[in-house]
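Those protein sequence lines, which keep their order, are chains A and B. The working numbering applies: residue 1459 is where the first sequence begins, and numbers increase by one. The working numbering applies: residue 510 is where the second sequence begins, and numbers increase by one.
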Amino acid sequence: ETGVTQTPRHLVMGMTNKKSLKCEQHLGHNAMYWYKQSAKKPLELMFVYNFKEQTENNSVPSRFSPECPNSSHLFLHLHTLQPEDSALYLCASSQTQGTNYGYTFGSGTRLTVV
Amino acid sequence: QKEVEQNSGPLSVPEGAIASLNCTYSDRGSQSFFWYRQYSGKSPELIMSIYSNGDKEDGRFTAQLNKASQYVSLLIRDSQPSDSATYLCAVNTYNQGGKLIFGQGTELSVKP
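Okay, structure coming up:
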């Protein structure tokens, strides 16, 4: 496997469910990111991890809980979501936070909350 | 004022024409600028990066940067229908801890 892999590709969950999104990067990068992309809105940065440490939480509601066990893996744990949380959730990685070289994105998880 | 602004479009150009996509940013401390292409239902793909004032060419793509005017653009020469996508401008805001801030994207449609 190469690049940034996200699973699952699609997820439908009820408002009372608990689910997790997984991201794995095979690029040797040390920074990982979660972005939310809603229709007609810019990509919204949610969380940043640099060398496994969370360096940014962009005022994300607590129903979203990130976990970064090592520099290659990133999770987003979801519970008691709202319908407005339906969106494309993108994971990205970069050499380090603040790198000059841009981010590599995974394919995303299309989340629908019913 | 939005941190990174783009005209959402849609921008429609005929096949073979030059498509011009524009982006302005608010953080004067920004030093790295990127253009991503996103096809419908897909994730963003990095196509150009630029760090210095002036032009940078890569195949049919040319990125232009003017830091004094806080303006970055992407030109696509000989546009093809396969170029139809949303183009995202991203700026690395060192003054805010070095993270990429994205514009809302410009939808480009190239008509055969």
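Just so you know, even glycine gets a beta-carbon here, dropped at the ideal spot from N, CA and C. These numbers were taken from a predicted model, which means no experiment stands behind them.
Beta carbon of residue 599(B), beta carbon of residue 612(B): below 9 Å? yes
Compare the C-beta of residue 1564(A) with all C-beta atoms of chain B and state if any pair is closer than 9 Å. yes
Burial state of residue 546(B) (16 or more Cβ within 10 Å): buried
Pull up the distance between the alpha-carbon of residue 590(B) and that of residue 1481(A), whole angstroms please. 32 Å
Minimum C-alpha distance to residue 541(B) - residue among 516(B), 572(B), 515(B): 572(B)
Classify residue 557(B) as buried or exposed, calling it buried when 16 or more other Cβ atoms lie within 10 Å of its own Cβ. buried
Counting only beta-carbon separations shorter than 9 Å, does residue 601(B) have a partner in chain A? yes
At 3 residues or longer, and completely inside the region 527-573 of chain B: list those beta strand (DSSP E) runs for me, N to C. 528-534, 541-547, 554-559, 563-567
Below 8 Å, can you find three or more Cβ-Cβ pairs linking the region 1529-1547 of chain A to the region 1469-1480 of chain A? yes
Quick check: what's the CA-CA separation for residue 583(B) versus residue 1485(A)? 27 Å
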